[in-house]
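Residue numbers (numbering that gives the first Met the number 0): 0 to 191. Working notes, beginning with the structure itself.
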Amino acid sequence: MRPSQQLHGLGAGATRPLWMPAAELLHATGHDWDRRVHRISVLARTLPPVVTDRWVKDRPRDPDALLLRACTRVTQVKEGTDWSDDAWDAWDDCRRAAQAAPEDPTPWPAMLWLMHSCGSPAHATIPVWTEAVARDPWNRSAHHQKPRHPSPRGHGSLIQMLDFAERRTSQTPHGSPLALLPLGRALGHGHG
């Protein structure tokens, strides 16, 4: 009879850092950017910040650790907040994550989210948007974040928001889920 998974497979008596399952999950995701953004966003909203802080302390150069801590901090900044110390700390963490993994587009949509939450004007998002799409031209998260800035809830109008969405979707590859971007924006969906 084989030992149970609890006793054998997980290493009975061995201790694993609390962050290890997240590290394994993100490592297994590789360069599937859409899946990576989704997993990061779920982990950032559900893991206690102490876990990501510990991971960064244990492995200060680990790009996944830096990114997850950055995204965790971004989720803690409330919409309508000015650029507080917490917002600037989240911004700095996003920049460190982007430097640790220059090919990864994931930090850039997080920065777009942060910029919207802190009321940055639409024109200020252009360099951040450009960095995201330079790494992944059809990055779903970036395409969901960018229209928030010229939206009526941001610093623009419905016309500006829909114009952006329609221009981008007219260029999307056949079968891309981004083809629905104007519909989602018109209905008020796509906040993440």
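Glycine is no exception: its CB is placed at the ideal position from the N, C-alpha and C atoms.
Counting only residues of its own chain and dropping the five nearest sequence neighbours on each side, Arg72 has a CB closer than 8 Å to the CB of Pro48, Asp85, Asp88, Ala89, Asp92. In chain order, Leu42 place their CB closer than 6 Å to the CB of Ala21, counting only its own chain and leaving out the 5 sequence neighbours on each side. Put simply, the backbone Cα of Thr45 is about 34 Å away from that of Gln159. Ranked by how close their Cα comes to the Cα of Arg95, the residues Val127, Asp31, Pro120, Arg60 have Arg60 in first place.
Going by DSSP, Lys56 is part of the alpha helix (DSSP H) stretching over 48–57. Within the region 67–102, the runs of alpha helix (DSSP H) at least 4 residues long that lie entirely inside it are, in chain order, 84–99. In the structure shown, Asp63 falls within a helical segment according to DSSP collapsed to helix, strand and coil. The C-alpha of Ser140 is placed about 14 Å away from the C-alpha of Met114. For the 8 Å CB-CB criterion, Ala69 and Ala123 do not form a contact.
Secondary structure of Gln170 (DSSP, three-state): coil.
DSSP places Thr14 outside both helix and strand once states are collapsed to three, so it counts as coil.
With respect to the 8 Å criterion, Leu17 and Arg38 are not classified as neighbours on the basis of their beta carbons. Taking all protein chains shown into account, His142 has 16 or more neighbouring C-beta atoms within 10 Å of its C-beta and is therefore buried. Distances from the alpha-carbon of Thr28 to those of Asp52, Asp103, Leu157 put Asp103 closest. Distance between Leu161 and Asp57, taken at the CA atoms: about 45 Å. Arg134 and Val55 have their C-alpha atoms spaced approximately 24 Å apart.
Of the other Cβ atoms in all chains shown, fewer than 16 fall within 10 Å of the Cβ of Thr14; this residue is therefore exposed.
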